[in-house]
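As structure tokens, the structure follows; a few thoughts come after it.
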């Protein structure tokens with residue numbers, strides 16, 4: 290009797306311990322299984338072992354004229370776009386990061402707009418700015434002659450817009466690296482008589498090389514997976530990239546081509562992962578251990594040139610960010626495509642149509658809002674849990690899940706959506722229902738593709754957490770969940786929230802994942818805008834795009850507010 | 017006199033619809049342009065207030081891909097299909113995916129245009145010919161005229177990967193001895209663009225980005241009547257034609273409403289609505305809309321549906337290799 294009484298608390302505490310970290314780990318592993326292992330695994334299985342798959346299928350795919358062409362276009366456009374972006378983004382990073390320009394946060398915010406406006410919207414806006422029926426150019430009397438093909442429907446158009454979208458990625462990598470640059474080095478160089486030019490070439494640039502390379506690789510991978518730009522500009526321009534080819538085949542032929550799609554998915558997925566790991570290896574080889582804590586970045590004075598640089602930068606940003614948006618707004622305001630905009634012709638009908646009349650668009654706004662909020666919240670929760678596990682005895686498993694998330698982030702979005710179709714098209718075993726065509730499959734794809742985005746800020750915040758807090762709580766007898774809830778959660782919350790908003794922004798803007806996962810009732814904002822433009826309804830596509838860009842801006846301002854008290858590096862445009 | 021017959025017919029159809037008293041939800045998958053799909057559905061719901069129709073619109077190949085995927089997932093969504101061509105319908109019928117509607121009244125129609133087993137029903141006649149921008153330097157009268165290098169450079173066609181009518185057009189044209197696949201090869205080599213559906217071609221030609229294109233008749237004729245700078249040509253070699261058939265799917269959860277929808281489309285008022293929207297109606301007694309030539313003057317290119325069905329994948333692959341999509 291007394292033995293039992295003594296044994297009972299032990300048994301209970303054993304169970305309690307099991308319900309702590311091990312339970313959370315089990316939940317996380319289950320999530321990783323559903324989000325990463327199952328979908329990506331089934332793509333590999335189908336491509337390698339299914340009938341019609343295997344090495345013959347790879348040979349057949351690689352010897353097809355259209356696949357060869359698309360593969361080459363993908364490599365060429367991503368490499369050139371990343372190079373352009375590295376030059377422009379790197380220069381912007383150095384200029385804004387090292388000089389005494391005013392309004393740096395505002396400048397960063399404006400540069401970030403380039404990536405926050407989704408690719409398909411950017412493509413629509415630029416098409417309308419530069420085409421023969423450009424409302425803006427017509428008003429200025431500068432429109433190209435009728436019969437002129439839109440200059441953007443070309444290899445150069447695709448590469449140019451891709452580069453423009455990748456500029457912020459390189460810019461951000463540069464800014465982050467500059468923040469870790471010890472001031473001592475620069476000061477030593479200056480004491481020894483080096484002028485700003487020499488300082489830049491002999492000290493700063495060599496130290497920034499790994500960051501440049503990382504930025505280039507990130508831009509390359511991001512361009513490789515881009516769908517909106519090559520789909521809207523490349524198809525009419527006869528410049529089809531691999532993701533676009535996959536989308537065309539899948540959208541037009543359905544599940545009968547899944548094996549072929551799996552083969553192409555493996556091809557491009559491997560390409561992306563190879564690019565990222567090559568970059569990581571090179572960065573490691575090139576990087577120099579810098580001594581000294583991160584300090585206030587260098588402020589080189591531009592002197593009298595400052596005003597001209599500022600005016601120039603803002604003018605260029607207005608041209609590449611604001612002007613296309615105005616062109617799109619103009620198209621949204623004319624009664625039908627091709628009519629000139631004037632006070633007499635301007636109408637709000639298309640806005641009324643997309644906001645109030647079309648059932649589909651109303652549904653799409655609701656779906657995208659719901660999906661991105663839920664995805665953001667779940668990612669924040671997962672990031673919080675993974676961070677907590679990473680410190681404990683299960684750190685290895687947690688890091689493995691993080692790596693999976695990073696791979697999934699590097700892999701093009703279309704590969705993720707193909708993977709989800711392959712894994713979840715058939716009814717779930719035991720349940721007899723399929724999640725295909727429901728919100729769940731889109732949510733799953735969002736979580737898989739965007740988890741890494743939310744992990745980054747939370748990782749930074751966990752690293753900055755004083756371990757003494759955790760120890761104190763443990764000594765005071767707080768169990769795992771209690772520590773997680775009372776100690777970690779409140780301290781990590783701001784970082785988790787900004788991670789969540791980043792995920793929300795990305796999900797709100799995406800089209801690649803839902804372009805082949807949508808069904809009746811689960812249309813997203815991206816797919817409806819894309820399908821309107823694809824079907825020739827440009828005025829409606831423009832009106833919807835304007836509304837969605839306004840929502841994006843509102844979210845960014847919200848993020849700006851939420852991130853006021855966060856350490857630097859979490860809110861991308863903050864210093 | 018004809019007007020009187022029509023209104024009697026209309027009254028009859030409306031009363032049978034009311035007698036059937038159908039209710040519930042109906043899901044329609046269609047390739048009609050958004051605006052027309054909405055009008056069709058609104059008119060049907062006005063005649064059948066008990067039924068709520070939800071619809072999804074995409075090009076025929078895309079909407080069929082979606083349908084196939086849902087079938088594979090074991091959760092088919094659609095009750096009724098209203099898509100471009102009967103070749104696709106024949107394929108579905110052969111697989112046993114369609115539900116026949118034996119009570120449908122097709123006595124008014126010419127034999128041969130409807131399925132004899134009443135599995136699918138032609139709703140209109142949509143031909144594909146040439147459209148050009150009125151500011152274009154050349155006014156093409158035949159397909160051969162399109163192979164002039166400067167014409168091809170400003171030419172665009174809907175992709176068979178996105179449009180059912182474009183698929184049939186490709187099959188019909190490549191069967192014409194003097195054109196054949198060489199014609200498409202020439203267009204591709206000289207820089208012709210194949211992209212998206214018919215809506216995209218109209219937008220490009222009306223907006224002046226392209227000056228010539230393949231297009232379905234009703235879009236060109238209807239928009240020209242609204243003032244768009246486009247003109248439709250029935251080429252001398254002939255036009256291809258699809259009948260935009262409607263069919264009930266075997267998996268339908270609401271066969272009564274689905275049948276009512278089919279009955280509505282092939283009824284005289286349904287056909288009048290079709291004509292009012294600017295389509296050539298399938299019903300011989302309904303007058304074609306403004307802007308169309310007399311029906312017997314339209315030369316329709318022959319084509320073999322059975323062969324089209326067996327060669328479908330090969331044809332599309334060949335096209336993709338040429339045009340890159």
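Chains as they are written, first to last, in the numbering used here: chain A, 290 to 864; chain B, 17 to 341.
Don't be surprised by glycine CBs; every beta carbon is placed ideally from N, CA and C.
Same chain only: Cβ atoms within 6 Å of residue i, ignoring 5 sequence neighbours per side
i, result
"residue 381/A", "460"
"residue 154/B", "167"
"residue 508/A", "371, 374, 455, 458, 459"
"residue 716/A", "722, 723"
Pair within 9 Å by beta-carbon distance, residue i and residue j
i, j, result
"residue 665/A", "residue 790/A", "yes"
"residue 723/A", "residue 713/A", "yes"
"residue 483/A", "residue 472/A", "no"
"residue 42/B", "residue 266/B", "no"
"residue 340/B", "residue 359/A", "yes"
"residue 444/A", "residue 517/A", "no"
"residue 93/B", "residue 71/B", "no"
"residue 302/B", "residue 120/B", "no"
"residue 340/A", "residue 565/A", "no"
"residue 305/B", "residue 124/B", "no"
"residue 761/A", "residue 694/A", "no"
"residue 413/A", "residue 818/A", "yes"
"residue 719/A", "residue 668/A", "no"
"residue 520/A", "residue 532/A", "yes"
Selected residue, minimal CA-CA separation from residue i, among the options
i, options, result
"residue 778/A", "553/A, 619/A, 763/A, 747/A", "747/A"
"residue 705/A", "733/A, 415/A, 386/A, 662/A", "733/A"
"residue 711/A", "336/A, 739/A, 512/A", "336/A"
"residue 279/B", "96/B, 255/B, 53/B", "96/B"
"residue 316/B", "251/B, 69/B, 138/B", "251/B"
"residue 367/A", "435/A, 512/A, 390/A", "512/A"
"residue 140/B", "163/B, 298/B, 270/B, 164/B", "298/B"
"residue 731/A", "812/A, 606/A, 416/A, 342/A", "812/A"
"residue 319/A", "686/A, 817/A, 860/A, 843/A", "686/A"
"residue 150/B", "128/B, 225/B, 159/B", "225/B"
"residue 486/A", "505/A, 590/A, 551/A, 463/A", "590/A"
"residue 595/A", "343/A, 506/A, 448/A, 393/A", "393/A"
"residue 255/A", "544/A, 451/A, 480/A, 488/A", "Only positions 290 to 864 of chain A appear in this structure, which leaves residue 255/A out of reach."
"residue 808/A", "431/A, 796/A, 729/A", "729/A"
"residue 427/A", "769/A, 616/A, 655/A, 759/A", "616/A"
"residue 130/B", "263/B, 330/B, 236/B, 242/B", "263/B"
"residue 642/A", "38/B, 50/B, 81/B", "50/B"
Residues that residue i contacts on chain B, provided the C-beta gap is smaller than 7 Å
i, result
"residue 636/A", "Under the 7 Å cutoff, chain B gives no residues; its nearest Cβ is about 15 Å from residue 636/A."
"residue 438/A", "225"
"residue 827/A", "219"
Own chain partners of residue i with C-beta closer than 8 Å, once the 5 adjacent residues on each side are dropped
i, result
"residue 142/B", "100, 181, 232, 233, 234, 257, 258, 259, 260, 295, 296"
"residue 848/A", "787, 790, 791, 794, 860"
"residue 294/A", "The pLDDT assigned to residue 294/A is 47, lower than 50, so where the model puts this residue is not dependable, and the model offers no usable value."
"residue 78/B", "178"
Closer than 9 Å at the beta carbon, the chain A residues around residue i
i, result
"residue 77/B", "540, 541, 542, 543"
Under 9 Å from the C-beta of residue i: neighbouring residues of chain B
i, result
"residue 696/A", "What residue 696/A touches in chain B: nothing, since even the nearest Cβ is about 26 Å away."
Same chain, Cβ closer than 7 Å to residue i, five either side skipped, listed in chain order
i, result
"residue 674/A", "313, 317"
"residue 34/B", "In this predicted model, residue 34/B has a pLDDT of only 45, less than 50, meaning its place in the structure is not dependable; the value taken from the coordinates is given anyway. Within the same chain, residue 34/B has no close Cβ partners at all."
"residue 738/A", "697, 698, 702, 705, 802"
"residue 657/A", "797, 813, 814"
Neighbouring residues, chain A, relative to residue i (Cβ below 7 Å)
i, result
"residue 149/B", "435"
"residue 337/B", "354, 355"
"residue 70/B", "809"
Within 8 Å of chain A by C-beta, residues of the segment 81 to 93 of chain B in sequence order: 81, 82, 83, 84, 85, 86, 88, 89, 90, 91, 93
Residues in the segment 210 to 223 of chain B having any Cβ partner in chain A nearer than 7 Å: 211, 212, 213, 215, 216, 218, 219, 222, 223
Interface positions of the segment 176 to 208 of chain B facing chain A (Cβ-Cβ less than 7 Å), listed along the chain: 177, 178
Contacting positions in the segment 144 to 174 of chain B - beta carbon closer than 9 Å to chain A: 149, 151, 152, 153, 169, 170, 172
Selection of the segment 46 to 65 of chain B by Cβ proximity to chain A, strictly under 8 Å: 49, 50
Within 9 Å of chain B by C-beta, residues of the segment 798 to 825 of chain A in sequence order: 805, 807, 808, 809, 810, 812, 820, 821, 822, 823, 824, 825
Selection of the segment 712 to 726 of chain A by Cβ proximity to chain B, strictly under 9 Å: 713, 714, 715, 716, 721, 722, 723, 724, 725, 726
Contacting positions in the segment 413 to 425 of chain A - beta carbon closer than 8 Å to chain B: 420, 421, 422
Interface residues of the segment 258 to 271 of chain B facing chain A [CB-CB below 7 Å]: none
Residues, ordered as in the chain, of the segment 550 to 576 of chain A that lie near chain B by beta-carbon distance below 7 Å: none
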